[in-house]
Amino acid sequence: MRVVLLILLSVNVLMSQEPDFQKCYDSHPATNDWMQCAYHEYDYRDKQLNAVYRHVKNHLPKEEIPNLIKAQRAWITFRDRECCFEAYEMRGGSAEKQFTIGCKIALTRERVQSLRTLLP
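Residues in the sequence shown are numbered consecutively from 1, following our numbering.
Below you can see the structure in the form of structure tokens.
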């Protein structure tokens, strides 16, 4: 019971106190500074994803949990490969990392929304 309450609390905190990352990007236009903002946002989105994933997992019937685990692993592989592909034209340039992290942020945000639809 404590674990469920902790997960609910962490999901609520992550959902209610979303940082304004756009301010960070706007005030740090230099590539290195912008990348720090992006890494902070990606870290936030990844934690948000993990919290929502755990919450969904705890509300699924036991027989569905293996399907969720397989789906999530497949999604992570897809996200990483898709973002590598999207950054293809920038390969070797300074913008490659920007395209890759931007893609990961966008797809992770979409995955969080998708998983939230499974919550009661």
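A virtual CB, placed ideally from N, CA and C, is assigned to each residue, including glycine.
Would you mind sorting residue i into buried or exposed? The rule is 16 or more other CB atoms within 10 Å of its CB.
i              : result
isoleucine 101 : buried
glutamate 41   : buried
valine 4       : Only weak support exists for where valine 4 lies, its pLDDT of 42 falling under 50; the value from the coordinates is given anyway. The residue is exposed, with fewer than 16 neighbouring Cβ atoms inside 10 Å.
histidine 59   : exposed
arginine 81    : exposed
alanine 71     : exposed
Would you grab the beta carbon distance between residue i and residue j for me? Rounded to a whole angstrom, and I think it's under 8 Å.
i            : j            : result
arginine 79  : leucine 115  : No, arginine 79 and leucine 115 are not in contact; Cβ-Cβ is about 13 Å, not under 8 Å.
cysteine 103 : glutamate 89 : That pair is no contact at about 13 Å.
arginine 54  : valine 112   : At roughly 12 Å, the Cβ-Cβ gap does not stay under 8 Å, so arginine 54 and valine 112 are not in contact.
Output the distance between the C-alpha atoms of residue i and residue j, rounded to the nearest integer angstrom.
i              : j             : result
leucine 49     : glycine 93    : 29 Å
isoleucine 105 : lysine 57     : 22 Å
arginine 73    : asparagine 67 : 10 Å
glutamate 64   : aspartate 33  : 42 Å
leucine 118    : arginine 91   : 37 Å
cysteine 37    : arginine 109  : 16 Å
leucine 6      : alanine 95    : In this prediction, leucine 6 has a pLDDT of 40, which is less than 50 and means its spatial position is unreliable; what the coordinates show is noted afterwards. Looking at the two C-alpha atoms, the distance is approximately 39 Å.
glutamate 18   : alanine 51    : 14 Å
lysine 47      : proline 120   : 20 Å
isoleucine 76  : lysine 23     : 28 Å
isoleucine 69  : proline 61    : 13 Å
lysine 97      : cysteine 83   : 10 Å
methionine 35  : aspartate 20  : 15 Å
Regarding residue i and the ligand COA, is the C-beta to nearest heavy atom distance less than 6 Å?
i            : result
arginine 109 : Annotation note on the ligand COA: not contained in the displayed structure, which lists no ligands.
Contained alpha helix (DSSP H) runs [length at least 4] in the segment 62 to 118, N- to C-terminal order: 65 to 86 and 95 to 116
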